[in-house]
Structures are given as C-alpha cells and as structure tokens.
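Enquirer:
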Amino acid sequence: MTNTQTITGSCLCGQISYQAQAQILFQAHCHCQACRKNGGSAYAALAFVPIESLNWQGQTSTFSHDADSGNTMTKHFCGHCGSQLFGTNSAKPERIHIKVGTMEDATWFQPQCNVWASSRLPSTPIDPAIEDL
Ligand SMILES: [Zn+2]
Ligand SMILES: [Zn+2]
-12 MTNTQTITGS CLCGQISYQA QAQILFQAHC HCQACRKNGG SAYAALAFVP
38 IESLNWQGQT STFSHDADSG NTMTKHFCGH CGSQLFGTNS AKPERIHIKV
88 GTMEDATWFQ PQCNVWASSR LPSTPIDPAI EDL
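For the sequence shown, our numbering begins at -12 and goes up steadily by one.
#1: Give me every residue whose Cβ sits closer than 5 Å to any heavy atom of ligand 2, in chain order.
#2: How would you call K86, buried or exposed, if buried means at least 16 neighbouring beta carbons within 10 angstroms?
#3: DSSP three-state call for A21: helix, strand or coil?
#4: Any heavy atom of ligand 1 closer than 6 Å to the Cβ of C68?
#5: If I'm right that L72 touches C(-2) with Cβ under 8 Å, what's the distance once you round it to whole angstroms?
#6: Going by other Cβ atoms of all chains shown within 10 Å of its Cβ, with 16 needed for buried, is H52 buried or exposed?
#7: Quick test of your reading: L41 and A7, contact by CB under 8 Å. State the CB separation rounded to the nearest angstrom.
#8: Compute the minimum distance between the beta carbon of Q2 and the heavy atoms of ligand 1, and state whether it is under 6 Å.
#9: Mind checking N58: buried by the 16 CB within 10 Å criterion, or exposed?
#10: Which residue spans inside the region 20 to 71 form an unbroken beta strand (DSSP E) run of at least 3?
#11: Using only CA atoms, which one of G27, H84, V36 and G66 lies nearest to G74?
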C-alpha cells in the first residue's frame, strides 16, 4: 500500500514555502548528532519523498557536509530566519527529506523507526512500538 500525502509548509518567516503531492518513501526520527546540531533539538523528525514531487518558492541557502559514511549531505534552509527545511544525501539523489516540523499539518506523520537510536539523549523517550535502527 502506498502512502501518498498532500504536504504544504514553510519556514518560520514565510519567505520559503513548499508543496508536495508525494509518496512518503520513509519517515523516521533521527537521533544522530548532525541532525541534533542542524535542528537545534533533541532529534529530527524527517519525511523522505521523491525529489521531483517537491516544489518550493523562494531561494534556499544550502550547507553541505560529509557524513561518516563518506556521503555528502546537503541541508536547505532559509537564509533569513534560519529554519531548516530539506536535506539530500549524495548516495540517494532521487529523494529528499522534509523537516516534519515545518509542515502546516503533519498529523499523518508516523515514524517507522528511530535512526541512530544509540546516540539519542537519555531523556528522549522512545516509543517501544517503533523499531530502532
Ligand atoms: Zn524564513
Ligand atoms: Zn540524523
């Protein structure tokens, strides 16, 4: 069964907005240090969609860094208000993740697993129904 969602969202200041009519390829909480620093929160909620299904208005700023895997990770954010919006991985150029917190309505979001659960903060509760990865 495919999980297709109509997604809209924006950065905090509204200079960048986006829409996707997208099949959700993967959805997860990520507890890695890169996601924690990038978002400034205890973990990141991410939804991965086919890159061609996402459209945005406004110019994102980008920052690229190398992951431990050797892949290049690129973050898209608003250069005005700093909100983190999207991210890509050079190993999987056909998909992009959207930061779930920037969506207008993410009530459908249901993480399939906890990525990098081993590096989560001790205070972060883990839903036992969700797989660790
Ligand atoms: Zn903004
Ligand atoms: Zn991460």
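We put the CB at the ideal spot given by N, CA and C, even for glycine.
On a predicted model such as this, the values are computed, not experimentally measured, just so you know.
Expert: Reading off the structure:
#1: Close to ligand 2, as judged by a C-beta nearer than 5 Å to any of its heavy atoms, are the residues C17, C19 and C22, in chain order.
#2: To locate residue 86, count along the sequence shown from 1; it is residue 99. Around the C-beta of K86, 16 or more other C-beta atoms lie within 10 Å, and the residue is accordingly described as buried.
#3: Along the sequence shown, read from residue 1 onward, the residue named residue 21 stands at position 34. It is helical.
#4: Residue 68 sits at position 81 when you count from the first residue of the sequence shown. Checking every heavy atom of ligand 1 against the Cβ of C68, one is found closer than 6 Å.
#5: Taking the sequence shown and counting its residues from 1, the one referred to as residue 72 is at position 85. Taking the sequence shown and counting its residues from 1, the one referred to as residue -2 is at position 11. About 6 Å separates the beta carbon of L72 from that of C(-2), a gap short enough to meet the 8 Å contact definition.
#6: Residue numbering aside, residue 52 sits at position 65 when the sequence shown is read from its first letter. Of the residues assessed, H52 falls on the exposed side of the cut-off, its CB having fewer than 16 other CB atoms within 10 angstroms.
#7: Position 54 of the sequence shown, counted from the first residue, corresponds to residue 41. Position 20 of the sequence shown, counted from the first residue, corresponds to residue 7. 5 Å between Cβ atoms; contact.
#8: On the sequence shown, position 15 is the one that residue 2 refers to. With a cutoff of 6 Å, Q2 counts as near ligand 1, since its C-beta is closer than that to a heavy atom of the ligand.
#9: Numbered from its first residue, the sequence shown carries residue 58 at position 71. N58 should be labelled exposed.
#10: Whole beta strand (DSSP E) segments, 3+ residues: 31 to 37, 41 to 44, 48 to 53 and 59 to 64.
#11: By 1-based counting over the sequence shown, the position of residue 74 is 87. Nearest of G27, H84, V36 and G66 to G74, Cα basis: H84.
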